[in-house]
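Residues 936 to 1074 (this note's numbering) make up the sequence shown, in order. Glycine residues also receive a C-beta, built at the ideal position from the N, C-alpha and C atoms. Small disclaimer: the values here were computed from a predicted structure and weren't measured.
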Amino acid sequence: MKITYMYPKKENISFTFVAQKHIEILRKHGFEVEEVPHKALPNWRMDLLIMHPIFYTVFLSPKGFRKLVSRADMLLGFEVCDTDRISPMASFVASTFDKVIVPCKFCKDVYERSGVVSNIGVVPHGVDERFLREPREPK
């Protein structure tokens, strides 16, 4: 199975770092992964399309999202939550995915309470080494 992984590839944000770590692990386990910038519109048939994050990418181009969905045999999305609810529109969009992955049980509960009907899984982000630094003594 070939994986098409769509994420903010050219940006320097946390979604990018997490997606790159996921891609590294997928490749380590033998998966073929095609990386696609989140603003691109692949015109090929996709076995599995992973969107990371969901809402940022979808709301950039709703028409483009409909085209992507029609070209993917399976749709998986990564997302986070910042509050105890997501909007009805966000719930509708998330429910179009075969599986939605969130980083913690709190977010899973939020999505379920908000009406998302997709299968929701929890995969913690972990800590990226780029954010670690040597311990310092207080001044």
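Output yes or no for whether 8 Å exceeds the beta carbon distance between residue i and residue j.
i, j, result
"residue 1001", "residue 981", "no"
"residue 993", "residue 1014", "no"
Since residue i and residue j should fall inside the 8 Å C-beta cutoff, what is the C-beta to C-beta distance between them, to a whole number of angstroms?
i, j, result
"residue 1050", "residue 1026", "4 Å"
"residue 1057", "residue 1043", "5 Å"
"residue 977", "residue 939", "6 Å"
"residue 936", "residue 983", "6 Å"
So for residue i, helix, strand or coil by DSSP?
i, result
"residue 956", "helix"
"residue 1073", "coil"
"residue 999", "helix"
"residue 1008", "strand"
"residue 1021", "coil"
"residue 939", "strand"
"residue 963", "helix"
"residue 1032", "coil"
What residues in its chain sit with their C-beta under 8 Å from that of residue i, if we drop five residues either side in the sequence?
i, result
"residue 1020", "1045, 1048, 1049"
"residue 1038", "1015, 1057, 1058, 1059, 1060"
"residue 1041", "1016"
Got a sec? Which residues, its chain only, sit under 6 Å from residue i by beta carbon, not counting five neighbours each side?
i, result
"residue 961", "968"
"residue 1012", "986, 989, 1032, 1035"
What residues in its chain sit with their C-beta under 7 Å from that of residue i, if we drop five residues either side in the sequence?
i, result
"residue 950", "942, 943, 987, 988"
"residue 945", "972"
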